[in-house]
Structure formats: structure tokens, C-alpha cells
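S.K.: Residue numbers (this note's numbering), protein chains in the order written: chain P, 21 to 178; chain X, 21 to 178; chain E, 21 to 178; chain R, 21 to 178; chain U, 21 to 178; chain V, 21 to 178. Where a beta carbon is used, it is the ideal one built from N, C-alpha and C, also for glycine. This one's a predicted model, so the numbers in the text were calculated from it and none came from an experiment.
(1) Work out the CA separation of residue 49 (chain V) and residue 132 (chain V) for me, nearest whole Å.
(2) Inspect the CB distances between the segment 102-109 of chain X and the segment 49-61 of chain P and report whether three or more fall short of 8 Å.
(3) Give the residues from the segment 36-56 of chain V that approach chain X closer than 8 Å (Cβ to any Cβ), ordered along the chain.
(4) If we cut at 9 Å on Cβ distances, does residue 136 (chain U) have a partner in chain E?
(5) Could you name the residues of chain U that residue 157 (chain X) contacts, counting a contact when the two beta carbons are closer than 8 Å?
(6) Among V:171, V:170 and V:162, whose alpha-carbon lies nearest the alpha-carbon of residue 177 (chain V)?
(7) Can you have a look at residue 89 (chain U) and say buried or exposed, based on whether 16 or more other CB atoms are within 10 angstroms of its CB?
(8) At a CB distance below 9 Å, what residues from the segment 63-93 of chain E approach chain P? Give them in sequence order.
(9) At the level of alpha carbons, what is the spacing between residue 166 (chain U) and residue 107 (chain U)?
(10) Keeping to the same chain, check which residues put their C-beta closer than 7 Å to that of residue 39 (chain U); ignore five residues upstream and five downstream.
(11) Short of 8 Å in beta carbon distance, which residues of its chain neighbour residue 33 (chain P), apart from the five on each side in sequence? Order them along the chain.
(12) Buried or exposed: where does residue 173 (chain X) fall if 16 or more other Cβ atoms within 10 Å of its Cβ makes it buried?
(13) Can you name the residues of chain V whose CB is closer than 8 Å to the CB of residue 142 (chain R)?
(14) Quick check: the Cα distance between residue 21 (chain E) and residue 170 (chain E), rounded to an integer number of angstroms?
(15) Can you tell me whether residue 21 (chain E) is helix, strand or coil according to DSSP?
(16) Just reading off the alpha helix (DSSP H) that residue 140 (chain X) is part of, what are its end residues?
(17) According to the Cβ coordinates, are residue 135 (chain X) and residue 145 (chain X) closer than 9 Å?
(18) For the segment 92-108 of chain U, which residues have a beta carbon sitting closer than 9 Å to at least one beta carbon of chain E?
(19) Does DSSP put residue 85 (chain E) in a helix, a strand or coil?
(20) Take residue 153 (chain X) and list the residues in its own chain whose beta-carbon comes closer than 7 Å to its own, dropping the five residues that flank it on each side.
(21) Does any C-beta atom of chain E lie closer than 9 Å to the C-beta of residue 148 (chain R)?
(22) Return the residue from the list V:129, V:120, V:72 and V:156 that minimises the CA-CA distance to residue 29 (chain U).
(23) Mind pulling the chain U residues with CB within less than 9 Å of residue 128 (chain E)?
(24) Taking Cβ positions, are residue 43 (chain U) and residue 97 (chain U) nearer each other than 9 Å?
(25) According to DSSP, which residues form a beta bridge with residue 45 (chain U)?
(26) Run the CB neighbour count on residue 67 (chain V), radius 10 Å, all protein chains shown included, and call it buried at 16 or more, exposed below.
(27) Which one or two residues does DSSP pair with residue 176 (chain X) in a beta bridge?
(28) What whole-angstrom Cβ distance do residue 139 (chain E) and residue 76 (chain E) have, given they're in contact under 8 Å?
(29) So, does the CB of residue 152 (chain X) fall closer than 9 Å to a CB anywhere in chain P?
(30) Which bits of chain E does residue 163 (chain R) rub up against, with CB to CB less than 8 Å?
(31) Tell me, please, whether the CB atom of residue 167 (chain V) is closer than 9 Å to any CB atom in chain U?
(32) Step through the CB atoms of chain P and report whether any lies within less than 9 Å of the CB of residue 29 (chain R).
(33) Leaving out five residues before and five after residue 150 (chain V) in sequence, what residues of the same chain have Cβ atoms less than 8 Å from its Cβ?
(34) Comparing the C-beta of residue 32 (chain P) with each C-beta of chain V, is any distance below 9 Å?
(35) Of all the options V:91, V:115 and V:126, which has the alpha carbon lying nearest to the alpha carbon of residue 137 (chain V)?
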């Protein structure tokens, strides 16, 4: 286990110098799960079919948030993302919606934080849209599922 | 259980009209937990004392993110927050850092989303600062702990 | 006809001092029309029913843009909008979609620019979503329909 | 006529994957026309010569807005624009100001939306600067004039 | 001399709670001086009269930056400024341009940082516009000239 | 001495076309000095060791501001910075803190404005953190120390 890369040898925070890193194809997929009451999940599912498209709003919020990552995470580099997708899958048994966000880039640094930010903000937006009916919703299991590209290569969550 | 407030009767998303709501003192506290390897937690704790202040960076990121909430969450109102704090507590046994974010406002709508956004972005920043040593970290239990003020009054997570 | 208010007596641009203005309820409604090929309109209408919700994306973009007005229009004041709505109506004969954006505020200055910005960005987003099939679309008739509140009172487009 | 590119095959909005597209020189020019009372046009023209430079403010607003396009248009990619210009031409007979915005990029995706956003925001800023004397101004004919570069090649408005 | 207000008693940064502060009229004026070669100053002055309005661009940049203060200064509150002005005065003898920025607000916290940010960014913009001819320009004497309103009352720089 | 590059031959401001410029490694270092009372400097130095880390907050603010440069300086290009660092050095005799900001990029245009913006905003943040105890602080000597890369090559402040 090496040390943190976001501090110099005096402990001062800095944006890591990626100038000498290779330009490679990079992708990252993150996930998050929104736990809610079964009634809330039913309302969301009905909205998909009829009116009040909670997941459509959350998807856009997640995509737009990926682009704001360097504004939000202090030491992230500004990146020219080539692709962002946000998908949802309903888990009736767990009374939950699973969020999967994928970002891609041809560049010098990874897009893990972009994918994690997209998943998180999609989850927060679901909360916002539904909080009038279910203040107890929780966002859980926000984590990196997979990354490819770059010097450290492929990572797959266990 | 009433319906969603962020859609009109045709199912179109809108920013809720809060013009007629009372101006009251409002506050909200949200929490999130970052699970990590014990070695990562040790590195963070050492940084606090010596160098590489992960939590100091994450605290600022969370405070600044609270101010960006209306940019991130599509249907949130722009608000003139009067107070934002982000605190951390280490849970050695769970090998976790707990985040507590509180926002306050004297206004017409609540600050739950601001507190949740602050907690989430603080958690994402911890991930970013430590991901070189621990890609498997998870953010979990992101939820509203308490809110006060407004028509719906006080909410306390169970 | 009086002179421009956004310049001082030496001709220098400034943000008008609204400190002494009354706090009143204010609203503004703006409109814009997106002209397109009949086939494009058909595709949009099918998307509403089935998949590919162009207008849902454009509505959100318009609402979010209203909040960004002070970032976009150099001399606009930052405002705490209490309500933003964006609605669409299809005009088959004109092969057009009409956009109606309404903003509200209890404050010291009007929200005309917020409504116009919401309508414009909703129109630009429709263009973006459909430009792969119809690069010749036009946004036309972007104008203020109505405003209420403030010293100058109600305005109604003729 | 092909389908929309901003939706996947389930109808979910996404930021198109441009990772495999060629890097080429790209440019786009958009236009918009601001219709106003002859007296308003006279005031603007006098300002150019003497004081109160409406078009100077609108030009800057347009240039800065081009840079904000990925913040405004939900599915636009963040781009490293290499050039933005905004020009005006007065049409006394039509009592109008014509806006021409050009953006350039060496990259994987086009800059049509950047040029259209620049022209639109320049028009909105003219409205803002003059609305105290002419609330009935209209922005009309906002459209793409020309684009070059990319797989679809050159487009010229008819 | 009291302690810093931006840290709690454990030394953690926070956004100060201004909820209990009085709403009063507040204003602040800041200044900064841009030193340059006499030839550069001549070019700027010629531009004012003829073409290439450096100070017009810098004035707008300063006004817009005042609105971005809470995005830039981590612990600043978001504020609804009621007035921003940026003025310039040429000091031929010192071969310098003096910048004066004034912000006003009716609110719970002061606008010193907004005025200082406006003056600083106006100065940076002058540098940007002229750096092709004079890389050695300096911004100096950036400081608060005066503030009024709030519990601490009026401050006048000595 | 050549003319300004940010205006076309009619005197209209524009974002310079850098499309034909070479992609080279570029770096820039800027500095600024914050003058303060000796007691204020003592408080800051104590905070470094114990609690209330003024310089840690200012460092982050400077790094984040470098990323916002194209939002702040109207005619700056959006850039994909590869590295940002902000360092401080205490000058007890001058009762001052010196700020050194360095930005790097592999691209078509220089990063002088990014480095100057980082240094300026770090200085403003120090002011903000300490203004409760020392309103008379000044930021002085904000200037470019060195740049490398690009057609104009290396510049070294005299």
C-alpha cells in the first residue's frame, strides 16, 4: 500500500501532475442503490409508464453532474468526457433502485470520480423527487464497480 | 401517502411554487458513512495529525457543494443558506468515517437536499483522496437525520 | 422613451441598484417557437408516448437554465426564484413546438430575463436532441408574453 | 431520416459516445436576429459611438456563454473550444440587429450548439440591456448557418 | 484582537452561522491598482476612444465575478447582491489604472469579499487583455477601502 | 510592441483563434503577497500547527479557482490543466505571506491566467479567513514569475 497521491511530501494538497501520463482509453462504472418504501417504488414505476418520470429526471441530473465533477471534487482534473450513461434497475425484493453510471474518456487520467459523482447525484435527485412521500429513503453501496485503462489497468470490484 | 410534488397534473416536472409558503427558520442534518480498509483509516488519522489532511479537504468540498445544490439537483430552488457545517467522526470498529452535514436557512423551503449534497460530496472527496490506496471504499447510509421548520415541521430519522 | 438603465451617466455598464425598490410578487412568462420538418415533429410526438422524451429533457434544461440567468446575462441580479415552469404545445399546422416558460419571485427586481432564458435554452435543447435528423430547425418568436409586479406594473405583449 | 442519437434503444437519454469519432477541424456559425423599435435601434447605434455599448456587452455575453454550453445543454460534451467570435450587423430596414456567432474546435464532436448558444445569449443580453425602453423586442431566426468538419461534413443553411 | 470566525472550537472550517444577524443595508468598496508600462497605458487609453475597449471588458468581468464570489471563496455565503459597480481611473504618473468596485446588499452578512473579488478579477482581465504586449504588469494594493452596515459598523481604510 | 490580440481589426473583443498553434508543454508560475499585521500572521502560523488551517483552505480555493479561469476571464480558452499547485511561504520581516501558484498543460495556449487566478483567489481567501481580526490586509505584487512553452517561449520576471 503506497501513500496518498493528492498530497506533496510536505502534506500540502495539490492536483496531481498527470502531464507525463499516457493518453489511453479509459472507462469507469460506478453504482449506488436507493432504498425506499415499497409504496414509493410503486409510485416511481407508475410514473415511468404514465406520468411523473422520476428516473428520467434523475438520469439527466446524473449525466450533467458527471460534467461538473472538477467543480465539485477539489483535486479532480478538468476532463473532456466522451461518453456518459446512467441506467437504473428496479429490485422489487430489496425495495430499491440500483443506479449504474459509466463514463469514458481518451485521456491522461481516470474517470472513476465522474462515474461516482453521476451515480451519487442521480441518487440524490431520486431522493429529492420522492422526499415529499418518503423522507426515510437511503442511498447506499455507492462504489466503483469497474475501471479500465491507465497505468493501474483494470479494476473489478469483488 | 400523497403524490409527488415535483410533477404537475400532466406529469411534467416543475420547480414547485413556494411563493405562498411561510418564511421560517429551517435546518437539516444529513449523514453518510465511508467504509474503508483499516489501513486506509489509519492513513487518514495519521494525516490529521501530521500531513495530508484528507478530512480538511473533504469538509471544504462538502461545504462548497451545499452551495451548488441548485446547480446539481434539477428542481431545487436557489437558496441563501445562512450556515453550513460538515463534521466527521471515526468509527474504528466499523472501519468507517461518519459524515454529518448541517445546513440552515431562513426561507420558504427546506434545506434537506443541501445537507444531503454536502454529505455526499464530502464522502466522494474522501474516496478521491484515498482511491490510490483503496479503490474498494464504499459510501453507505446517506440519509436525512433530522429537519426542522416549514409546514411539515420536525422530522427525525428512526 | 427613457434611456438605458444598465449604463451610468458616463456610459459605463453597471448592475442597476435595486436596493431601494419594493419587494413585490413578480412573475414573467416568455415564449419561443421551434420550427421543424413535419417528420421531426412526428418523431418528437412518438417519443413522448413511447421512448426518447425530447420535451422532458428540454423542460429540465429550461428550468435549470432559469437558475443560471445571472451567470449568463452579465448585468442580471442573482435572484431566489420561487417557481419555474416550462410547458410545450404542439402546433401541427405550423410544424412547430411552442414553449412557454414562467418564473416567479418575491423580490426587488423582475424575472423577465429568467423566463426568456428558460424558453431559449429549452428551444436550444430541442435543437440539440433533434439536430441529427433536422439541422434546419429554427427558434423564432422568442419574446416576453407577460409580466406582473414591480413599479412598472403589468405588461402584456400585444 | 434516421432516429435521434441522444437516446439509447430503450429510449433513455445519454451523452453520445464520441470516443471512436475522428479528431477533425470543426467550425459552426449560427445566427439570430433581434427585432426592435426603430428608436431602440437608434439608441443602440448612438451608444456604440458615444456611451452605453450594448453590443460590446452582448458580444462578451455570447462568447462567455459558448463556454458554458455543456452546463446548459444537458447532453452536450465538454469541449476545448479554440475560437469564439460574435459579430453584429444592423439592418435599418428591418429595424433589427443580426448576430453571427462562430465557434471552432479540433475535436471529436461538432460545435453547432456552442455557436447557437452564443448567438442566443447575445440576443438575450441585447434584450436585457434595452428592455427598459422596449419590452416588445423579439429574437427570431435563431438557426445554424453553416458547419464544417466531422463525419457528416459541411452543412449550409438553404 | 479576537480569533478567526471561520473555524469552530476544534479548528474545523465552517460557514459562519449568520441566521441570527440583523438584516441591514450593507455596502463595501474595494480597490486594486494595475501597474504597467507607459506604452501599455497609452494603448488602453487609445482603445477607450477608438477600438479595443480593454476597460469595458474588465468592468463586465469584475461585475460578473462579484456574483461568483460564493463559488470562489469557500466559506462565503451565497448573497442576493442588489448593486455592483466597477470604475477605473487612470494615474498617468504612476503608469497605472486604479480599480474601484462597490457592492451593495440588504442582508445578514457583509459584501467585502464580493467587492474585493470584483476588483481582483477586473485587474486580472486587464492583465489578460494586455499580456501580449506587457507580461510584466502587476496588480497591487488590492484592499478594502470602506464598508458600511452590519454589527461591526463602518470601516474606513486608513 | 505589437497591438492587443484580444480585439479584431474593428476593435471587437474575441476569443483568439488558437486552432493553428502548436500543442506544446506549457507551464506558468504566478505570485502574490498578502500583507498583514504581525499578530494576524502569528494567528495563521499557530493555526497551521494547531487548529484553524487558514493556508490549507486558501490552497484549495486557489487550486479550484485555476479550474474556473475560463468562467472568470471573459476571453480565456477552456483548458484541460494537467497540474495545479499552490504554495505559501511566510516572510516574518515583511509580515507577509507569499503565494506561489503553478499550472501546467499540454496544449495550444498558455496557462498564465490560470496561475494568476489561483494566486489571486488564494490571497482573497486568506483575506476572508482573517478579515474578522485584520480588515486592513492587502494583496500586493500579483504578477507572473515565469512561463515556459508556446511560440513566445520562456518568460522570466525581472
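M.R.: Reading from the atomic positions:
(1) 7 Å
(2) no
(3) none
(4) no
(5) What residue 157 (chain X) touches in chain U: nothing, since even the nearest Cβ is about 22 Å away.
(6) V:162
(7) buried
(8) 73, 76, 77, 80, 81 and 84
(9) 15 Å
(10) none
(11) 26, 27, 94 and 95
(12) exposed
(13) Within 8 Å Cβ-Cβ: nothing; residue 142 (chain R) doesn't reach chain V, min ~12 Å.
(14) Note on residue 21 (chain E): pLDDT 37, under 50, position unreliable in the model; the coordinate value appears next. Answer to the nearest angstrom: the Cα atoms are 19 Å apart.
(15) At residue 21 (chain E) the pLDDT is 37, less than 50, meaning the model places this residue with poor confidence; the figure from the coordinates comes in the next sentence. Residue 21 (chain E) falls in the coil class under three-state DSSP.
(16) 132-150
(17) no
(18) 98, 99, 100, 101, 102, 103, 104, 105, 106, 107 and 108
(19) helix
(20) 60 and 63
(21) yes
(22) V:72
(23) 100, 102 and 126
(24) no
(25) U:126
(26) buried
(27) X:166
(28) Between residue 76 (chain E) and residue 139 (chain E) the Cβ distance is about 16 Å, and since that is not below 8 Å, they are no contact.
(29) yes
(30) 156, 157, 158 and 159
(31) yes
(32) no
(33) 56, 60, 63, 64, 74 and 157
(34) yes
(35) V:91
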